[in-house]
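Chains A and B, in that order, are what the protein sequence lines are. No gaps in the numbering here: position 160 of the first sequence is 160 in the numbering used here, and each next residue is one more. For any residue, its number in the numbering used here is found by taking its place in the second sequence, counting from 1, and adding 1000. Cβ coordinates follow ideal geometry from the N, Cα and C atoms, glycine included. Just so we're clear, the structure is a prediction, and the values are computed from it rather than from any experiment. Everything on this sheet refers to the single structure shown next.
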Amino acid sequence: MIRGLYTSAMGMIVQEKKQANVSQNLANIETPSFKQQELIASASHRMNVLNRANDPAGRRLSSIGSMYFGTSIDDLYTDYEQGVLEETSKPLDFAIEGEGFFTVLLPNGSQAYTRDGSFRLNQNGELVTRDGYPILDINGQTILLGTDDVTADANGVIQTPDNRYYSLRIVSFENMQQLQRMGDNLYVIEDGAPQAATGYSIKQGYIEASNVNPLEELVKLIEITRNFESNQKAIQAMDETLGKAVNEVGKL
Amino acid sequence: MNRILQTGRTGLDSIQKKMDIIAHNIANAQTDGYKNLDVHFGDLIYDRLANRGIPQTDEARGKPVEMGTGSRIKSLTHNFAQGILRETSRPLDLAIQGEGFFGIQNESGDIFLTRNGAFSLDGSGRLVDSLGNRIVMDMFVPNAQMSEGDISIDERGTITVTNEAGQSIEIGRILIFDVADKSTLHGIGDTYFSPESQDDIFIMDNDQAGTIRQGFLENSSVDLVKELTEMLITQRAYSINTKSIQAADDMWGMVNQLRR
């Protein structure tokens, strides 16, 4: 009885976290290059149930099977599906079609990765993100454009009017699920090295929209709310049963 | 539950701001020289799920499960795409076709940039904009007086005045300005744009600057169809975020109902 209460409470906590994740996806429905994520729960606390009855000698317990008591958060999965490309006609907006990330230099000297290619120039004329972090070229150097009057080809080679060429560093990862998010559309990786991406194409004057699917999220939202409700009802039912056990058993 | 409500609130906040910007763009669909504002969203920081009483499998404890905290508006930038030129036949209506801005100098000497070329002459015969601020130009004839009707301005901005005797005199040239990155310009109202610092402004070379068209004005760059479509999307995005707040509220209600 008491175990059942905790099993249902665990269910409610996990559902609440799943709901928080849905609400995060929905809040970022307009965030460029945002990738929707899903919280995956799995059954936990597997236990073997043994039959103590019908065993007069008490030596051997026969196994009935296994039962799960509760659910736990297992994984957070990011869906890296391509978002829709939206035209902006801005010369410093770039979108990646296919797999890959732009490489960004963080103030602490480490690298971050983003698919949000809405860039600008800083005071020195370097190509930077909206937050002012420099974009790196294929040699790991910052890109000193000095002008926004540039053209870029599908491979990410930017050409200035005075015929200087810069090649954007586009990388991909063996296991993209290892990327961690740090906000502002940036990703970092702790273990795992970036490798040069292949099979992408850069579109100038476009940005990639969020890949959050409102229909999917709303269905999840309904499912989670009802699941939460079922757990609540189970707790209430157990509470009532407990109440009966406490107050009515032994009454004459 | 509190987290869900806060996340939903950040979504509503940023989407509401986008709606404000769309309304601003639509309100300026007829403003000459107006450049529509684009909104750029970003996600907020992520929070690692700690072991704070949250059931997790051993695998999940081993790797970072990071939950987001919502979204925000990162930046607003003007989109400097060319607006359509409209013929007005007024000799002092100027439009730039291509790159560049007119420079407007205020009394303290600061230069602002504009694409709105609805100019006129002030009492002392100088070229001013509709608010009476001077247009920055290179004067060949110092203190030259101009009068409307005899002025012709060529593609490079050279002002030629024909006097009563029928003589044509080049008295000056309107300068075309630019900054290295137009997305750093911010609108300060009246279709003026201000750079981050006055040092950012430079005079454009003839071969890069756009051409000046006399008797034309540049329409607002607002694309009404695009704005209205964005408005529909934004409205729906707003309402779906109210749903996540509502769901969190319902769930909290259920928690409170656990013990009747």
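Cα separation between B/Leu1085 and A/Phe94?
28 Å
Environment of A/Arg115 [buried if 16+ CB atoms lie within 10 Å]
buried
Alpha helix (DSSP H) containing A/Phe228: first to last residue?
Pro214 to Glu248
Would you mind stating whether B/Ala1027 and B/Gly1100 have Cβ atoms separated by less than 8 Å?
no
Kindly indicate if chain B contains any beta-carbon less than 8 Å away from that of A/Lys220.
no
Check each candidate in B/Ala1248, B/Ser1239 and B/Glu1230 and name the one with the smallest Cα separation from A/Thr88.
B/Glu1230
Entirely within the region 1018-1082 of chain B and at least 3 residues each: give me those beta strand (DSSP E) ranges in chain order.
1037-1043, 1046-1048, 1066-1068 and 1071-1078
For the 8 Å Cβ check, are there 3 or more pairs between the region 74-87 of chain A and the region 1059-1066 of chain B?
yes
For A/Glu81, which residues in the same chain have their Cβ closer than 6 Å to its Cβ, ignoring the five residues on either side in sequence?
Asn211
To the nearest angstrom, report how far apart B/Arg1213 and B/Ser1071 are at their CA atoms.
44 Å
Interfacial residues, the region 33-46 of chain A to chain B, with Cβ spacing under 7 Å:
Phe34, Ser42 and Ser44
As assigned by DSSP and simplified to three states, the class of A/Gln204
strand
Below 6 Å CB to CB, which residues in the same chain sit around A/Ala234 once its five sequence neighbours on both sides are set aside?
Ser8
Look at the Cβ atom of B/Gly1268, then the Cβ atom of B/Ser1221, and state whether they are nearer than 8 Å.
Past the edges of chain B, shown from 1001 to 1260, lies residue 1268 of chain B, and the structure says nothing about it.
The region 1131-1140 of chain B touching the region 1240-1252 of chain B, judged by at least three CB pairs closer than 8 Å
no
Could you tell me whether the Cβ of B/Gln1235 comes closer than 8 Å to any Cβ of chain A?
no
Cα-Cα separation, A/Lys244 to B/Arg1260:
15 Å
For A/Asp191, does the three-state DSSP call read helix, strand or coil?
coil
Can you list the residues of chain B that A/Leu92 reaches, using a CB-CB cut of under 8 Å?
Asp1181 and Ser1183
Which one of A/Gln232, A/Gly250, A/Leu105 and A/Ser42 has the shortest CA to CA distance from B/Leu1258?
A/Gln232
How big is the Cα-Cα spacing for B/Gly1117 and B/Gly1187?
16 Å
Give a yes or no on whether the C-beta atoms belonging to B/Gly1008 and B/Ser1244 are separated by under 8 Å.
yes
Counting pairs of beta carbons, one from the region 1040-1047 of chain B and one from the region 27-35 of chain A, are three or more of them closer than 8 Å?
yes
On a CA-only basis, which of A/Arg130, A/Val249, A/Ile13 and A/Arg3 is nearest A/Leu106? Give me that one, please.
A/Arg130
Taking 8 Å as the CB-CB limit, is A/Met182 close to chain B?
yes
Identify each residue in the region 186-217 of chain A for which the Cβ-Cβ distance to at least one residue of chain B is less than 7 Å, and report them in chain order.
Pro214
Restricting to Cα atoms, I'd like to know which of B/Glu1164, B/Ile1021 and B/Phe1119 is closest to B/Ile1153.
B/Phe1119
Quick check: what's the CA-CA separation for B/Gly1172 versus B/Gly1157?
8 Å
Whose C-beta lies closer than 6 Å to the C-beta of A/Ser62 among residues of the same chain, with five residues either side of it excluded?
Asn51
Determine, using beta carbons only, whether B/Gln1056 comes closer than 8 Å to chain A.
yes
For A/Ile170, report the span of its beta strand (DSSP E) as first-last.
Ile170 to Ser172
Using a Cβ cut-off of 7 Å, which residues of the region 1194-1222 of chain B contact any Cβ in chain A, in chain order?
none
Any beta carbon from chain A within less than 8 Å of B/Met1067's own beta carbon?
yes
If you check the beta carbons only, do A/Val171 and A/Ala196 fall under 8 Å apart?
yes
Step through the CB atoms of chain A and report whether any lies within less than 8 Å of the CB of B/Arg1259.
yes
Which residue wins for smallest C-alpha separation from B/Pro1195, given the options B/Glu1218, B/Ser1124, B/Leu1094 and B/Val1179?
B/Val1179
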